[in-house]
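Structure first, then comments.
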Amino acid sequence: MNVLVLNNGSSSLKFQLIRTDPDLAARDADERLARGVVDRIGGQALLTFQAAGRPARRETTPVRDHRTAVEEVLRWIASETSGVPIGGLREIDAVGHRVVHGGEYFRRSVLVDDEVLRNLEDTLDLAPLHNPHNLRGIYAAREVLGPGVPQAAVFDTAFHHTLPEHAYLYAIPYPLYRRHRVRRYGFHGTSHRYVAYRYRVLTGMPREKVRIVTLHLGNGASACAIAGGNSVDTSMGFTPLEGLVMGTRSGDIDPALVDYIAAKEGLTAADVELILNKQSGLLGISGLTHDMRDLLAEAREHDDRRARLAIDIFCYRARKYIGAYLAALGGADAVVFTGGIGENSPEIREGIVDGLQWFGLELDPESNRQMVG
Ligand code: ADP
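Counting from 1, position 50 in the sequence shown corresponds to residue 251 in this note's numbering; the numbering is continuous, with no gaps.
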């Protein structure tokens, strides 16, 4: 079967078309038929579409909203010139949507029906920056492909539904949790879940025995403590702002800073939150870029002090989380890296685990060097 996977962001739509079935999935032999991005939805959009084995096609065109973006993607997939090896839209058997926040209600992926849509509407105030766009994408795909094509919602939070109370509650007045669902939810769940599964397949270990720390290090970054195959702690919290240092997000800070910075800079709390989300992290410290590859180049080629500092703080925070999760898990068998930085940067992997040999963690320098993007 062919599954169209959609990831609707605030002003972008990313997609992939995957040929899969239970047998292919079990053999890890899913096939990506096409991928692409519609960027800058709401204005003159940049479309980058690519069928497998073909050069990417780029074009700019006005794209009013998410529905128009979905229509553009489908029109391209169905066109004769795209090179996507399917015989028209009839051969799209299902759509999978990435949904950032499932709240406490969604504990696993679900097929979308009217009740699911009602419950999704209920999550909007928990993730006002993400879920409205995810939901818009679901409505758009439903309208364009018709109600006959099944749609699944896959939640970033769902894998973390196994967090125990002592890990997900903040030490603030309990009624705030009851009244407003203020708690830690965790994100990047699909990624942590997938790499824990791959670890299990590669080592031949039964699920109940898997006790590892996973690090998803991309533009967003999070750590996860996994015991018995389940998430038992994770670094992102009520929103994806908590935890590790990220491309433009601060990760952990003293919450009293919000008021202090607001008063000193003549800003509102919302302005400061924006700074913590969009102008902090690697970008904020270096003053140069949020992009780790560029920072590493800058540190290497120009020995830029703040680029080096940003990298050091990034590695140090990640190392502290590994230490915390080793304590939470009572030890672990492995640290697993993923995400653009985790998969591609030997230097960062080494920077993070450097000094963790005391607990038996060893990085094979040769294998580490070989895993380069
Ligand atoms: P997103 O969270 O947006 O999906 P990715 O997982 O693609 O992001 O990760 C993007 C990050 O990965 C960027 O900081 C990028 O510089 C970094 N990255 C990609 N390749 C490399 C590399 N070879 N070395 C270091 N960093 C890399």
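Think of the CB as a built atom: it goes at the ideal place given N, C-alpha and C, for glycine as much as any other residue.
Residue burial classification, H267 (beta-carbon count within 10 angstroms, cutoff 16): buried
Backbone CA spacing between L557 and L370 [nearest angstrom]: 29 Å
First through last residue of the beta strand (DSSP E) which encompasses I219: L214 to R220
C-alpha distance - V355 paired with H503, whole-angstrom precision: 43 Å
For N420 and H491, believed in contact at Cβ under 8 Å, the rounded distance: About 7 Å separates the two Cβ atoms, so the contact holds.
Boundaries (first-last residue) of the alpha helix (DSSP H) holding F515: R506 to L530
M202 classed as buried or exposed, judged by whether at least 16 other C-beta atoms fall within 10 angstroms: With fewer than 16 other Cβ atoms inside 10 Å of its own Cβ, M202 counts as exposed.
Distance, L207 Cα to R220 Cα: 14 Å
Cβ-based neighbour list, L330, same chain, cut-off 7 Å, excluding 5 preceding and 5 following: Excluding positions up to five away in sequence, the list reads S211.
Beta carbon proximity, A535 to chain D, threshold 8 Å: Absence of chain D from the displayed structure is noted, only one protein chain being present.
C-beta contact flag for G284 and A252 at 8 Å: Here G284 is near A252, since their CB atoms are less than 8 Å apart.
Own chain residues within Cβ distance below 6 Å of E281, not counting five before or after: none
Contacting residues, own chain, Cβ-Cβ under 6 Å from G540 (five flanking each side not counted): H417, L418 and G419
Proximity test, S423 beta-carbon vs the ligand ADP heavy atom, cut-off 7 Å: no
Any heavy atom of the ligand ADP nearer than 5 Å to the CB - residues listed: G419, N420, G421, D492, M493, R494, G540, G541, I542, N545, S546 and G574
Contact the region 436-453 vs the region 468-480: 3+ CB pairs below 8 Å: Judged by Cβ distances under 8 Å, the region 436-453 makes contact with the region 468-480, as three or more pairs qualify.
Alpha helix (DSSP H) segment containing T404, residue limits: G390 to T404
D326, DSSP secondary structure in three states: Coil.
Span of the alpha helix (DSSP H), counted from its first residue to its last, around P223: P223 to A227
Classification of Q571 by the beta-carbon crowding that lies within 10 angstroms, buried from 16 upward: Here Q571 is exposed. Its C-beta has fewer than 16 other C-beta atoms within 10 Å.
Endpoints, the alpha helix (DSSP H) within which F547 is located: It should be noted that the sequence gives Pro, not Phe, for residue 547. It spans P547 to V554 - the alpha helix (DSSP H) in which P547 sits, taken as one unbroken run.
As assigned by DSSP and simplified to three states, the class of N431: If DSSP states are grouped into helix, strand and coil, N431 belongs with the strands.
Beta-bridge pairing of T490 - partner residues as DSSP gives them: In DSSP, T490 forms no bridge with anything.
Per-residue burial, F388 [other beta carbons within 10 Å of its own, 16 or more giving buried]: buried
S568 - DSSP class collapsed to helix/strand/coil: helix
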